[in-house]
Amino acid sequence: MTIGGKSVDAESHFEAVNPATEQVIAQVPDASHEQLETAVAAAKAAFGPWSARPVDERQAMIARIGDAIEENAESFMRLLTLEQGKARAGAEWEVGGSAHWCREIATQELPLHQEDLGEGRSVENRRTPLGVVGAITPWNFPLLLAVWKIAPALAAGNTVVLKPSPYTPLCTLKLGELASEFLPAGVVNVVSGGNELGGWLTRHPDVRKISFTGSTATGRKVMESASGNLKRITLELGGNDPAIVLPDVDPVAIAEKLFWAAFQNSAQFCVSAKRIYIHDAIYDDVSRALVEYAGTVKTGDGSMQGTDLGPIQNRMQFDKLRDLLADARDTGLRFLCGGDVPDGTGYFVPVTIIDNPPEDSRVVKEEAFGPVLPLLRFTDIDDVVARANDTEYGLAASVWSSDIDRAQEIAERIEAGTVWINEIHSFSPHIAFGGHKQSGVGIENAIDGLIEYTNSQTIYTNRAVA
3 MTIGGKSVDA
13 ESHFEAVNPA
23 TEQVIAQVPD
33 ASHEQLETAV
43 AAAKAAFGPW
53 SARPVDERQA
63 MIARIGDAIE
73 ENAESFMRLL
83 TLEQGKARAG
93 AEWEVGGSAH
103 WCREIATQEL
113 PLHQEDLGEG
123 RSVENRRTPL
133 GVVGAITPWN
143 FPLLLAVWKI
153 APALAAGNTV
163 VLKPSPYTPL
173 CTLKLGELAS
183 EFLPAGVVNV
193 VSGGNELGGW
203 LTRHPDVRKI
213 SFTGSTATGR
223 KVMESASGNL
233 KRITLELGGN
243 DPAIVLPDVD
253 PVAIAEKLFW
263 AAFQNSAQFC
273 VSAKRIYIHD
283 AIYDDVSRAL
293 VEYAGTVKTG
303 DGSMQGTDLG
313 PIQNRMQFDK
323 LRDLLADARD
333 TGLRFLCGGD
343 VPDGTGYFVP
353 VTIIDNPPED
363 SRVVKEEAFG
373 PVLPLLRFTD
383 IDDVVARAND
393 TEYGLAASVW
403 SSDIDRAQEI
413 AERIEAGTVW
423 INEIHSFSPH
433 IAFGGHKQSG
443 VGIENAIDGL
453 IEYTNSQTIY
463 TNRAVA
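Just so we're aligned: the sequence shown equals residues 3 to 468 in the numbering used here.
Dropping the structure here:
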């Protein structure tokens with residue numbers, strides 16, 4: 003761990019497991035309550051000097067984090083595949099994106115509004131840092147989502163105590179080690195542990211903000227825990243993202259795009275297309291093309307050449323998916339492909355596509371967070387929009403059509419924070435990202451996301467002499 007600029011072990015440890023082999027790959031420090039207190043104290047002590055640094059100096063150090071990631075890209079990619087399971091292409095995307103995010107966030111500056119009120123009076127609205135930020139990251143994109151929190155928090159003048167998922171702590175611990183070589187002590191602290199550690203962090207009175215990415219159920223607990231001293235919160239939570247495919251697309255041409263919309267990162271992606279609504283006129287053609295394309299995709303150990311999709315990251319999620327598939331079989335749903343989890347080593351679930359299940363079935367209502375995809379027929383636009391919106395979630399969605407005006411009209415009716423038209427999974431450090439309904443609170447990325455790490459302060463000045 004990295005606490006106060008120093009490398010720190012712990013008295014107790016937990017195991018990190020390779021999900022492709024189920025082999026233990028590391029003994030990971032399990033932070034004590036005292037170590038969490040030390041980390042928060044170090045961040046609190048570092049806050050004053052760090053926030054007082056000129057903005058350009060803070061920006062230069064954030065960019066250096068990106069440089070450090072790039073300089074160690076190969077080892078990060080290997081470690082990411084080892085602990086998370088993703089194949090080489092996915093690891094390259096995440097590591098490259100992490101370096102890019104640091105460099106781009108380092109160019110952003112907080113807004114300053116000044117106005118002359120006349121007669122010697124003026125008003126200024128500025129943004130001020132909060133203090134110590136507690137960041138909690140998930141296991142699907144452990145490096146990139148750590149950067150999504152660290153970079154804007156530091157740019158705004160805050161200091162950070164970051165807790166990675168206990169399933170994927172290694173890349174984040176490595177990031178903390180690298181950053182400690184040039185960041186002032188205490189500016190970024192990385193501590194590892196389980197749910198108890200997360201509770202200590204979210205309740206801590208000296209932590210002014212919690213930025214959390216994870217499930218909606220855990221997000222509710224984080225929000226409740228953080229309420230003790232009215233911490234600011236950003237919650238990026240679950241989704242059950244619909245895709246709507248209109249009848250004017252080419253079924254064969256669209257199949258590959260829809261496949262990766264649904265199954266990228268083995269569908270362990272909060273913004274995966276988790277329900278695909280296909281117009282009845284092309285449903286059979288699109289479903290056939292999807293199944294044919296699925297047959298060309300290889301699932302296996304991410305470290306093996308030729309692997310496209312890796313395993314499910316952990317036993318807990320693997321067992322949830324097996325239960326979901328068992329329910330689909332027990333209720334008589336029709337599998338177009340997949341459905342049978344193989345015996346053997348590793349948390350492997352095959353690409354599974356289900357043919358037009360009832361709208362109230364579990365595979366439609368629940369966020370699978372794994373490669374289980376329902377295809378659903380529709381004929382009426384009003385009906386499909388209502389079905390797409392019939393969920394507690396509102397993270398993202400996509401619309402696929404050659405009629406852009408019609409797709410735009412549909413997109414504007416979808417209750418989601420991001421809607422893509424004829425593409426998906428496009429993100430930018432300069433484009434706001436956040437969920438509606440129970441998919442989250444607050445914004446990440448862009449100036450909106452940077453502002454989330456600040457307070458608003460308004461100063462009125464009267465220069466008139468009495």
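All C-beta atoms, glycine included, are put in the ideal place defined by N, C-alpha and C.
> Can residue 249 and residue 281 be called in contact, C-beta distance under 8 Å?
Replying inline: Yes, the Cβ-Cβ distance between residue 249 and residue 281 is below 8 Å.
> Which runs of the beta strand (DSSP E) fall wholly inside the region 280-340 and span at least 3 residues, in chain order?
Replying inline: With a minimum length of 3 residues, the continuous beta strand (DSSP E) runs that stay inside the region 280-340 are 336-339.
>> Less than 8 Å between the beta carbons of residue 193 and residue 45, yes or no?
In response: Residue 45 sits away from residue 193, with the two beta carbons spaced by 8 Å or more.
> Quick one, are the C-beta atoms of residue 241 and residue 397 less than 8 Å apart?
Replying inline: Cβ atoms of residue 241 and residue 397: closer than 8 Å.
>> Can you find the residues in the same chain that come closer than 6 Å, C-beta to C-beta, to residue 124, ignoring five residues on each side of it along the sequence?
In response: The answer, listed in chain order, is 118 and 463.
>> Between 393, 161 and 226, which has its C-alpha nearest residue 244's C-alpha?
In response: Nearest in C-alpha terms to residue 244, of all of 393, 161 and 226, is 393.
> DSSP on residue 88, reduced to helix/strand/coil?
Replying inline: If DSSP states are grouped into helix, strand and coil, residue 88 belongs with coil.
> Shorter than 8 Å from the beta carbon of residue 56 to some beta carbon of chain D?
Replying inline: Any reference to chain D falls outside this structure, which holds one protein chain only.
> Considering only the beta carbon of each residue, do residue 203 and residue 151 sit closer than 8 Å?
Replying inline: The Cβ-Cβ distance between residue 203 and residue 151 does not fall below 8 Å.
>> Which same chain residues end up closer than 6 Å to residue 170 when comparing Cβ atoms and leaving out the 5 residues on each side of it in sequence?
In response: Excluding residues within five positions, the ones whose Cβ falls inside 6 Å are 85, 86, 141 and 144.
> So which of 220, 219, 212 and 247 has the shortest CA-CA distance to residue 231?
Replying inline: Ranked by Cα distance from residue 231, the first of 220, 219, 212 and 247 is 212.
>> Three or more C-beta pairs under 8 Å: does that hold for the region 5-15 against the region 180-198?
In response: Three or more Cβ pairs closer than 8 Å define a contact, and the region 5-15 meets that threshold against the region 180-198.
> Can you tell me the Cα-Cα spacing of residue 255 and residue 356, whole angstroms?
Replying inline: C-alpha separation (whole angstroms): 21 Å.
> residue 25 bridges to which residues according to DSSP?
Replying inline: BP columns for residue 25 point to 20.
> Among residues of its own chain, excluding the 5 on either side of residue 111, which ones have a beta-carbon nearer than 6 Å to its beta-carbon?
Replying inline: Cβ neighbours of residue 111 within its own chain (closer than 6 Å, five residues either side excluded): none.
>> Considering only DSSP beta bridges, list what residue 469 is partnered with.
In response: Since the first residue of the chain shown is 3 and the last is 468, residue 469 is not available in this structure.
>> Can you look up residue 270 in the DSSP assignment and give me helix, strand or coil?
In response: In the structure shown, residue 270 sits in coil (DSSP, three-state: anything other than H, G, I, E or B).
> Taking the C-alpha atoms as reference points, what is the distance between residue 411 and residue 285?
Replying inline: Between the alpha carbons of residue 411 and residue 285 lies a distance of about 22 Å.
> What residue range is occupied by the uninterrupted alpha helix (DSSP H) comprising residue 384?
Replying inline: Unbroken alpha helix (DSSP H) run through residue 384: 383-391.
> In whole angstroms, what separates the C-alpha of residue 31 from that of residue 95?
Replying inline: Roughly 28 Å between the two C-alpha positions.
> If you draw a straight line from the alpha carbon of residue 1 to that of residue 59, how long is it in whole angstroms?
Replying inline: Absent from the model: residue 1. The displayed extent of the chain is 3 to 468, so no value can be given.
> Between residue 301 and residue 292, is the Cβ-Cβ spacing less than 8 Å?
Replying inline: Contact flag unset, no.
>> I need the boundaries of the alpha helix (DSSP H) containing residue 197, first residue and last residue.
In response: Boundaries of the alpha helix (DSSP H) around residue 197: 197-205.
> Looking only at its own chain, which residues have a Cβ that is under 6 Å from the Cβ of residue 399, when we skip the five neighbours before and after it?
Replying inline: Hits under 6 Å: 243, 244, 416, 418 and 421.
> Taking Cβ to Cβ, would you say residue 455 is nearer than 8 Å to residue 127?
Replying inline: No. Outside cutoff.
> Can you tell me where the alpha helix (DSSP H) with residue 35 in it begins and where it stops?
Replying inline: Under the DSSP assignment, residue 35 falls in the alpha helix (DSSP H) whose first and last residues are 35-54.
>> Buried or exposed, going by whether 16 or more other CB atoms sit within 10 Å of the CB of residue 465?
In response: Only exposed fits residue 465, as fewer than 16 other CB atoms lie within 10 angstroms of its CB.
> For residue 375 versus residue 354, is the C-beta distance shorter than 8 Å?
Replying inline: In contact: residue 375 and residue 354 (Cβ atoms closer than 8 Å).
> Where do the N-terminal and C-terminal ends of the alpha helix (DSSP H) with residue 174 fall, by residue?
Replying inline: Unbroken alpha helix (DSSP H) run through residue 174: 172-181.
>> Does the structure place the region 321-332 close enough to the region 95-110 that three or more beta carbon pairs sit under 8 Å?
In response: Counting C-beta pairs closer than 8 Å gives fewer than three between the region 95-110 and the region 321-332, which falls short of the contact rule.
> How about residue 97 and residue 135: do their beta carbons lie closer than 8 Å?
Replying inline: For residue 97 and residue 135, no; Cβs fall outside 8 Å.
> By a C-beta neighbour count over all protein chains shown, 10 Å radius and 16 as the cutoff for buried, is residue 218 buried or exposed?
Replying inline: Buried, since its Cβ has 16 or more Cβ neighbours within 10 Å.
>> Taking a contact to mean a Cβ-Cβ separation below 8 Å, would you say residue 275 touches residue 426 in this structure?
In response: Against a cut-off of 8 Å, the Cβ pair of residue 426 and residue 275 comes out as a contact.
> Among 260, 326, 297 and 340, which one has its Cα closest to the Cα of residue 364?
Replying inline: Of the listed residues, the one whose Cα sits closest to residue 364 is 326.
> For the region 366-441, which segments carrying the beta strand (DSSP E) assignment without a break, of at least 3 residues, lie completely within its bounds, in sequence order?
Replying inline: Counting only runs of at least 3 residues, the region 366-441 fully encloses the following beta strand (DSSP E) elements, listed from N- to C-terminal order: 374-380, 398-402 and 420-423.
> So, residue 175 versus residue 3, is the Cβ gap smaller than 8 Å?
Replying inline: Residue 175 is a Cβ neighbour of residue 3, given a cutoff of 8 Å.
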